[in-house]
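Participant: I have a structure I would like to understand better, so I am pasting it below and will then ask my questions one at a time.
2 protein chains.
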Amino acid sequence: MGPTQRADSRAHTLVRMIRLLEEAASKGARLVVFPELAFTTFFPRWLLEGEALDNYFDRSMPNPQVAPLFDRARALGVGFYVGYAELTAEGQRFNSAVLVDGTGRIISKYRKVHLPGSVAPRPGAKYQQLEKRYFEYGDLGFPAVRAGSDWQNAIMGMMICNDRRWPESWRVLGLQGVELVCIGYNSAAYDPNGGNTEDASLRTFHSTLVAQANAYMNATWAITVAKAGDEDGSGLIGGSCIVDPNGRIVAKATSLADEVIVADIDLDLCRQGKEKMFNFAAHRRPEQYRLITERAGVVEPPELV
Amino acid sequence: MGPTQRADSRAHTLVRMIRLLEEAASKGARLVVFPELAFTTFFPRWLLEGEALDNYFDRSMPNPQVAPLFDRARALGVGFYVGYAELTAEGQRFNSAVLVDGTGRIISKYRKVHLPGSVAPRPGAKYQQLEKRYFEYGDLGFPAVRAGSDWQNAIMGMMICNDRRWPESWRVLGLQGVELVCIGYNSAAYDPNGGNTEDASLRTFHSTLVAQANAYMNATWAITVAKAGDEDGSGLIGGSCIVDPNGRIVAKATSLADEVIVADIDLDLCRQGKEKMFNFAAHRRPEQYRLITERAGVVEPPELV
Chain X
-8 MGPTQRADSR AHTLVRMIRL LEEAASKGAR LVVFPELAFT TFFPRWLLEG
42 EALDNYFDRS MPNPQVAPLF DRARALGVGF YVGYAELTAE GQRFNSAVLV
92 DGTGRIISKY RKVHLPGSVA PRPGAKYQQL EKRYFEYGDL GFPAVRAGSD
142 WQNAIMGMMI CNDRRWPESW RVLGLQGVEL VCIGYNSAAY DPNGGNTEDA
192 SLRTFHSTLV AQANAYMNAT WAITVAKAGD EDGSGLIGGS CIVDPNGRIV
242 AKATSLADEV IVADIDLDLC RQGKEKMFNF AAHRRPEQYR LITERAGVVE
292 PPELV
Chain E
-8 MGPTQRADSR AHTLVRMIRL LEEAASKGAR LVVFPELAFT TFFPRWLLEG
42 EALDNYFDRS MPNPQVAPLF DRARALGVGF YVGYAELTAE GQRFNSAVLV
92 DGTGRIISKY RKVHLPGSVA PRPGAKYQQL EKRYFEYGDL GFPAVRAGSD
142 WQNAIMGMMI CNDRRWPESW RVLGLQGVEL VCIGYNSAAY DPNGGNTEDA
192 SLRTFHSTLV AQANAYMNAT WAITVAKAGD EDGSGLIGGS CIVDPNGRIV
242 AKATSLADEV IVADIDLDLC RQGKEKMFNF AAHRRPEQYR LITERAGVVE
292 PPELV
């Protein structure tokens, strides 16, 4: 998806999403992957409160605002992944995604675990990154789900944005035998406040690199989908791509605008990796991995004596 | 390093290694990385026993056979990583590597954790992969060590061959703040028994991909070094490279023969990643990673009901 401006109505954005869904269906797609927070602009860049913030959240999924997308998908027999801001009945807020099958049924839900940004706003900065302020850490783990026959009974998993840079996310799905990972993202193309950091080319390289390597290391397909382009003066990378279990890119977006890419997903391509090189039961040594779950941050070794 | 044939004497191979060391030193290198099992052919491809097997092992490191390499390195003030087959006084066998500083002192030792291959030989196969038969699983974990001032007090870690395909190896080092990972490997270029599997090009891509992505995801430099070419009719990939903490290749071997590649290692390039995107203490969520240490193999989700 191309950018969504703060002034864009939800209805306008939904029309774009339905148009993309229809184009994908016309090209034979049975599964469509939309980005993270697909229904709105990437609002964590703004310091908001009260109703101005709440308007970005969905209190249920589906709901009347998004029903036209669900209805059109069901009519076409196409399922989808979509990211949205979730506000629960108990008042909890999550950066979430759902996986909807071709009958319109939600078969899995995921809440983003790796929230970037900060709780406190950066004083004086024009653009913020306030995901840690607006969302709680995901509390559903990384659930893999076996889809129905529409999707060849694929074992499917979800991530959201920053999760894809953390090999732990992939491995927890890999340990459930995942065959297809769906990921939506909004990733900055540069520091919108003018800091001297990585450029869009390097950031796109990083995004693609982690999808390729982690797909290979878990012998899974991956579909990674950007919201891209300029949102109210803040740039987002593109680089949406479909990656096979060898880590090879089989389809890649070429623009920062609304664009459909499609690929045939042959799940049998997962077998070679899962049965040989990455036969986890035969080759993993969990007793050597303890630091991964015992420690969050770095503890450096002492000086050499 | 290019290939080493079964008939090659250890003395002959040591002369090659010293020549490579001297060439690297003449180009300004302070650290030289040799491959896995660098002193011999990749002998796990052969079914061996008794003295024929023991001759490939070193009972101590250094020892009189390898002393000329240690002596020359110390004279040049150059340190090195080298892989060898270790036979302990208690009769244990490991696929090991040591890190030797510019004064000739061994500052760290590593024993390969991820052993590929099998215990039982493949009946009738011309070439075997018997690492699980000849070696015990490494029992030293993935220790990171802070090197001395010769190496800018870098936090350094080691892996051997197949370890590099397992993100757990990298993460355990990353959680110790690793800044430079040294890896030697012998990786098949194709199935030497004529099976229809990945070709050399795809295998080299995999080898490079995992080094790039895991270096990026742990904000570390990586030096990954092949023994390459045709060893007694069995092909090994090349693809030795030096990767920066952004996952970019800064130097890459172009041949399957003895070849020196060099790069300047600026450890400060690790800082951006370690302090922001991959600030582990701020962003990792170990409570969501439990499967990684609780489970070795895959458990698939149930059918959807």
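Chains X and E supply the protein sequences, listed in that same order.
For the first sequence, my numbering gives the first residue as -8, with consecutive numbering after it.
For the second sequence, my numbering gives the first residue as -8, with consecutive numbering after it.
Here a beta-carbon is modelled for each residue, glycine too, at the ideal position from N, C-alpha and C.
Evaluate the contact criterion for the stretch 177 to 188 of chain E versus the stretch 261 to 268 of chain E: three or more CB pairs, one atom per stretch, below 8 Å.
Facilitator: No, the stretch 177 to 188 of chain E is not in contact with the stretch 261 to 268 of chain E.
Participant: Determine, using beta carbons only, whether Val163/E comes closer than 9 Å to chain X.
Facilitator: With 9 Å as the cut-off, Val163/E counts as an interface residue toward chain X.
Participant: Could you tell me whether the Cβ atoms of Lys243/E and Gly230/E are closer together than 9 Å?
Facilitator: Yes, they are a contact pair.
Participant: With H, G and I counted as helix, E and B as strand and the rest as coil, what does DSSP make of Leu12/X?
Facilitator: DSSP places Leu12/X in helix when its eight states are reduced to three.
Participant: Taking the alpha carbon of Gly108/E as the point to measure from, which residue in Arg36/E, Asp92/E, Arg156/E has its own alpha carbon closest?
Facilitator: Measuring from the Cα of Gly108/E, the nearest candidate turns out to be Arg36/E.
Participant: Note down the Cα distance separating Trp161/E from Glu159/X, rounded to an integer number of angstroms.
Facilitator: Cα to Cα, the separation comes out at about 11 Å.
Participant: Pull up the distance between the alpha-carbon of Arg10/X and that of Glu81/X, whole angstroms please.
Facilitator: When rounded, the distance between both Cα atoms is 34 Å.
Participant: Please say whether Val251/X and Ala76/X have beta carbons closer to each other than 9 Å?
Facilitator: Taking 9 Å as the Cβ cut-off, Ala76/X and Val251/X do not qualify as a contacting pair.
Participant: Could you check the C-alpha separation between Pro112/X and Arg124/X for me, to the nearest Å?
Facilitator: If I take the Cα positions, the gap works out to 8 Å.
Participant: Can you find a C-beta in chain X that's less than 9 Å from the C-beta of Leu282/E?
Facilitator: With 9 Å as the cut-off, Leu282/E counts as an interface residue toward chain X.
Participant: Along the stretch 68 to 96 of chain E, what residues have a CB closer than 7 Å to any CB found in chain X?
Facilitator: Within the stretch 68 to 96 of chain E, no residue qualifies.
Participant: If the cut is a Cβ gap below 9 Å, which residues of chain E does Ala64/X touch?
Facilitator: Simply none; closest approach about 18 Å.
Participant: Please tell me whether Met268/E has its Cβ less than 9 Å away from any Cβ of chain X.
Facilitator: So, interface residue.
Participant: Quick one: does Gln56/E have its CB under 9 Å from some CB of chain X?
Facilitator: Chain X contact via Cβ: absent.
Participant: Which class does Asp190/X belong to by DSSP, given the choice of helix, strand or coil?
Facilitator: The answer is coil: DSSP assigns Asp190/X none of H, G, I, E or B.
Participant: To test your reading of the DSSP string, which unbroken alpha helix (DSSP H) runs of 4 or more residues are found completely within the stretch 149 to 206 of chain E?
Facilitator: As far as the stretch 149 to 206 of chain E is concerned, its whole alpha helix (DSSP H) runs of at least 4 residues are 158 to 165.
Participant: Beta strand (DSSP E) containing Glu222/X: first to last residue?
Facilitator: 220 to 222 is the extent of the beta strand (DSSP E) around Glu222/X.
Participant: Using a Cβ-Cβ cutoff of 7 Å, what residues of the stretch 142 to 163 of chain E are near chain X? List them in chain order.
Facilitator: The residues in question are Ile146, Arg156, Pro158, Glu159, Arg162, Val163.
Participant: Which residues in the same chain as Arg(-3)/E place their Cβ atom closer than 7 Å to its Cβ, once the five residues preceding and following it in sequence are excluded?
Facilitator: Thr32, Asp223, listed in sequence order.
Participant: For chain X, check one thing: does any of its Cβ atoms lie closer than 9 Å to the Cβ of Thr195/E?
Facilitator: Thr195/E does not count as touching chain X.
Participant: Are the beta-carbon atoms of Val169/E and Ala138/E separated by less than 9 Å?
Facilitator: The answer is no: Cβ separation not under 9 Å.
Participant: Should Pro236/E and Trp212/E be called a contact, given that it needs their Cβ atoms to be closer than 9 Å?
Facilitator: Result yes, Cβ atoms of Pro236/E and Trp212/E sit closer than 9 Å.
Participant: Start and end of the alpha helix (DSSP H) containing Glu42/X?
Facilitator: Unbroken alpha helix (DSSP H) run through Glu42/X: 41 to 45.
Participant: Within 10 angstroms of the Cβ of Val6/E, are there 16 or more other Cβ atoms? Answer buried if so, exposed if not.
Facilitator: The residue is exposed, with fewer than 16 neighbouring Cβ atoms inside 10 Å.
Participant: Tell me the rounded alpha-carbon separation between Glu13/E and Phe61/E.
Facilitator: Each residue's alpha carbon lies about 12 Å from the other.
Participant: Phe48/X by DSSP, collapsed to three states: which one?
Facilitator: Three-state result, Phe48/X: strand.
Participant: At a CB distance below 9 Å, what residues from the stretch 213 to 229 of chain X approach chain E? Give them in sequence order.
Facilitator: Within the stretch 213 to 229 of chain X, no residue has a Cβ that lies closer than 9 Å to any Cβ of chain E.
Participant: State yes or no: is the C-beta of Arg21/E within less than 9 Å of the C-beta of Gly115/E?
Facilitator: Taking 9 Å as the Cβ cut-off, Arg21/E and Gly115/E do not qualify as a contacting pair.
Participant: Given that Glu122/X touches chain E, what residues does it touch there, using C-beta distances under 8 Å?
Facilitator: Correct list: empty, because the minimum Cβ distance to chain E is about 11 Å.
Participant: What did DSSP end up calling Ile283/E once you bin it into helix, strand or coil?
Facilitator: Helix.
Participant: Since I believe Glu127/E is in contact with Phe85/E (beta carbons under 8 Å), could you give me their beta-carbon distance rounded to a whole number of angstroms?
Facilitator: Sure, about 6 Å apart at Cβ, within 8 Å.
Participant: Any C-beta of chain E within less than 7 Å: which residues of the stretch 236 to 254 of chain X qualify?
Facilitator: Going along the stretch 236 to 254 of chain X in chain order, one finds Asn237, Gly238 with a Cβ nearer than 7 Å to chain E.
Participant: Keeping to the same chain, check which residues put their C-beta closer than 8 Å to that of Val163/E; ignore five residues upstream and five downstream.
Facilitator: Same-chain partners within the cutoff: Gly132, Phe133.
Participant: For Cys232/E, write down the residues that DSSP places opposite it in a beta bridge.
Facilitator: DSSP output for Cys232/E lists Thr215/E, Lys243/E as bridge partner(s).
Participant: At least one CB of chain E closer than 9 Å to the CB of Ala138/X: is that the case?
Facilitator: By this cut-off, Ala138/X is an interface position.
Participant: Can you tell me the Cβ-Cβ gap for Val216/X and Phe25/X, rounded? I've got them flagged as a contact below 8 Å.
Facilitator: Correct: roughly 7 Å between the Cβ atoms.
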